[in-house]
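Colleague: Residue numbers (our numbering): 3 to 121.
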């Protein structure tokens with residue numbers, strides 16, 4: 003059973019479930035938008051992406067962010083996915099991550115977009 007993210011109940015009053023492909027996407031989203039130190043039991047889990055939303059855009063920042071996200075994905079989800087391409091863009095107070103990856107268990111290649119807007 004894979005619990006759906008964000009956690010909620012289904013119409014039957016049970017914990018909502020999701021399929022394997024959507025579960026992998028949920029795990030990636032949690033990793034990208036969790037800041038290190040946010041989880042008590044795993045203080046080094048996360049990517050730190052949200053900390054850089056308002057940092058001035060520059061080629062150096064983009065390269066550093068690309069490297070940081072690639073390392074986080076490899077460390078925490080390396081047994082689940084193979085990262086193909088990874089692009090990060092910032093527009094006003096929104097972050098967009100475009101990710102192409104292969105799910106190791108099924109061999110399926112997927113491309114997903116993850117967007118987080120900040121108030």
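Glycine included, each C-beta is placed from N, C-alpha and C at the ideal position. Since the model is a prediction, treat every value here as computed from it, not as a measurement.
Which complete alpha helix (DSSP H) runs does the region 53-82 hold, if anything under 4 residues is left out?
Modeller: Qualifying alpha helix (DSSP H) stretches, in chain order: 61-79.
Colleague: Flag this pair as yes or no: are the beta carbons of residue 71 and residue 49 separated by less than 7 Å?
Modeller: Yes, they are a contact pair.
Colleague: Suppose the cutoff is 6 Å on Cβ atoms and the five residues either side in sequence are ignored; what does the same chain contact list for residue 111 look like?
Modeller: Within the same chain, residue 111 has close Cβ partners 104.
Colleague: How big is the Cα-Cα spacing for residue 37 and residue 54?
Modeller: The straight-line gap from Cα to Cα measures roughly 11 Å.
Colleague: Under the rule that 16 or more other beta-carbon atoms within 10 Å means buried, what is residue 57, buried or exposed?
Modeller: With fewer than 16 other Cβ atoms within 10 Å, it is exposed.
Colleague: In chain order, what residues of the same chain have a beta carbon less than 8 Å from the beta carbon of residue 63, not counting five sequence neighbours either side?
Modeller: Only 54 and 57 meet the Cβ criterion.
Colleague: To the nearest angstrom, report how far apart residue 79 and residue 30 are at their CA atoms.
Modeller: Going from the Cα of residue 79 to the Cα of residue 30 covers about 8 Å.
Colleague: Taking the continuous beta strand (DSSP E) assigned at residue 19, which residues delimit it?
Modeller: Premise fails: residue 19 is in no beta strand (DSSP E) and is neither H nor E.
Colleague: Report the option in 6, 41, 102 and 10 whose CA atom is closest to the CA atom of residue 89.
Modeller: If we check each option's Cα against that of residue 89, 102 comes out closest.
Colleague: How should residue 41 be labelled, buried or exposed, when 16 other C-beta atoms within 10 angstroms of its C-beta is the threshold for buried?
Modeller: Flag for residue 41 reads exposed.
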